[in-house]
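Everything on this sheet refers to the single structure shown next.
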Amino acid sequence: MAAPKKGDLSASEREILQVIAAGNVQQASKLLANNDVRVNCLDEYGMTPLMHAAYKGKADMCRLLLQHGADVNCNQHEYGYTALMFAGLSGKTDITTMMLDAGAETDLVNSVGRTAAQMAAFVGQHDCVTVINNFFSRARLEYYTRPQGLEREPKLPPKLAGPLHKIIMTTNLNPVKMVMLVKENPLLVDVAALEKCYRVMDLLCEQCVKQQDMNEVLAMKMHYISCVLQKCLTFLQERDDKLDALVKSLLKGRDSDGFPQYQEKFIRDCIRKFPYCDATLLQQLVKSIAPVEIGNDPTAFSVLTQALTGQMAFVDADYCATCGERGAEKRCSLCKTVTYCSLTCQRLHWFTHKKMCRSSQEQGSKQETHTPRLKELQGTHHVIHFICTS
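The sequence shown begins at 457 in this note's numbering and counts up by one.
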């Protein structure tokens, strides 16, 4: 079949573009079975069916087109837009993830020199920016599941690749959330497994720093995950079989104001231990955090989240007081000042929140909670600038 040319569409190809707009997956499937339909055909603007489906936010349609061999990196669009750029513009994180899983390149630029992440940020789709910035190919991790050179066994058992990749891909860097991800998979709640996982994370950190186009952001994230896994390992070795004691330590608030002091110190310590002292990102993180007294803003969690995920933290949103998950809607029924993403998180937090709940009720409209809100932080603009320009 001849290579597609802009605007050179058969009647069936014109029809499939209309079917995509209507979201009729069944009809699209029938048309794709027709030899007269090229899955990578181009309309007069150079848009493929996949680009149309991504821009219109049709996840099932995107999945169907990818199954039929749609080129996720086609850049014949008149302004150089790719399917990933259209997915980011649509604001659909599931479609953005789908494009990335299909092999979408994140560093392609359009006619004005913007990447998919930069385009999504430009139109305010910050969740999509976070997904793109945090994407890590499963194939890069699976490299370590195969013996290399003279190795008799791989550095990472294949059964651990899935659970570890899930942690790598998380955009929620709250250490409580990460420990919960470890707890939910029995394969990870094991001393030997955690040792292998954190060592692989250290190797990935080193790889990110030493590769030709050094990626300090990803290196810092790999290091941070390694630190969390090592902390889990330490508690397991101290007979904390289910890591419940670690979760409580991270959540426990100090008596004076309920601030999770142990968690703050842990995150600061993770940053301090980053092994590449000359890294620009490390110096900027330290500059933002070091002068701040523990308990004041910005917290280490806020600064690290902005640096590693690219989340534009000035979006006013409620975050779970336990795990930091965005979009928490459940409030403490007594004081109404803290929010949770689930009853499970509310129960986990009650042991420490109950100490402050009464005083929070008394404060009323003057409340100032320690829910980890991600807000625009004075003095951290240079960290955001680093993300946007790196």
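The beta-carbon is built from N, C-alpha and C at its ideal position, and this holds for glycine as well.
For R494, the secondary structure class from DSSP, reduced to helix, strand or coil, is coil. By the criterion of at least three beta-carbon pairs nearer than 8 Å, the segment 637-656 is in contact with the segment 691-705. Counting along the chain, no alpha helix (DSSP H) covers H533, and no H or E run does either.
Taking the Cβ atoms as the reference, L522 lies roughly 17 Å from A572, outside the contact range of under 8 Å. Excluding residues up to 5 positions away in sequence, E672, M676, I727, F730, Y732 lie with their Cβ nearer than 8 Å to the Cβ of L738 in the same chain. 8 Å or more divides the Cβ of V565 from the Cβ of A577. Scanning Q604, E651, N590, Y654 for the CA closest to the CA of L629 turns up N590.
Counted as a single uninterrupted DSSP element, the stretch harbouring K512 is not any alpha helix (DSSP H), since DSSP gives it neither H nor E. In the structure shown, Y501 falls within a coil segment according to DSSP collapsed to helix, strand and coil. Residue pairing from DSSP leaves T626 without any beta-bridge partner.
In the structure shown, R782 adopts extended strand secondary structure according to DSSP, grouped into three states. Annotated three-state conformation of Y796 is strand, per DSSP. Contiguous beta strand (DSSP E) elements confined to the segment 719-755 do not occur, taking only those with 3 or more residues.
Taken through DSSP and simplified to helix, strand or coil, R803 comes out as helix. The alpha helix (DSSP H) runs of length 4 or more contained entirely in the segment 538-592 are, from start to end of the chain, 539-546, 549-557, 572-578, 582-589. When C-beta atoms of the segment 649-668 are compared with those of the segment 790-807, fewer than three pairs fall below 8 Å, so the two segments do not count as touching.
Annotation for F542: M507, A510, Y511 place their beta carbon closer than 7 Å to its own, counting only its chain and skipping 5 residues before and after. Proximity to F691 across G709, V635, C664 peaks at V635, based on C-alpha coordinates.
For the options I551, S567, V568, the alpha carbon positioned closest to that of A560 is the one of I551.
Checking the DSSP bridge columns, you'll see Y775 partnered with R782.
Contact check between the segment 676-688 and the segment 593-603: fewer than three CB pairs, one atom from each, fall below 8 Å, which does not count as touching. Per DSSP, H524 lies in no alpha helix (DSSP H) segment and is marked neither H nor E. Note that the segment 468-483 touches the segment 516-530; at least 3 beta-carbon pairs, one per stretch, sit closer than 8 Å. For C661, the enclosing alpha helix (DSSP H) stretches over residues 647-666. Pairwise C-beta distances place the segment 702-712 out of contact with the segment 643-659, as fewer than three of them are shorter than 8 Å.
H524 is positioned such that its CB atom lies no closer than 8 Å to that of L465.
Membership of V673 in the alpha helix (DSSP H) is indicated by the continuous run 672-693. Residue burial is scored here from C-beta neighbours: G605 has fewer than 16 other C-beta atoms within 10 angstroms and is therefore classed as exposed. Within its own chain, the residues whose Cβ lies closer than 7 Å to the Cβ of P460, once the five positions on either side in sequence are excluded, are R494, N496, C497, L498, listed in chain order. According to the DSSP assignment, K708 belongs to no alpha helix (DSSP H), since it is labelled neither H nor E. DSSP, read as helix, strand or coil, puts R608 in coil.
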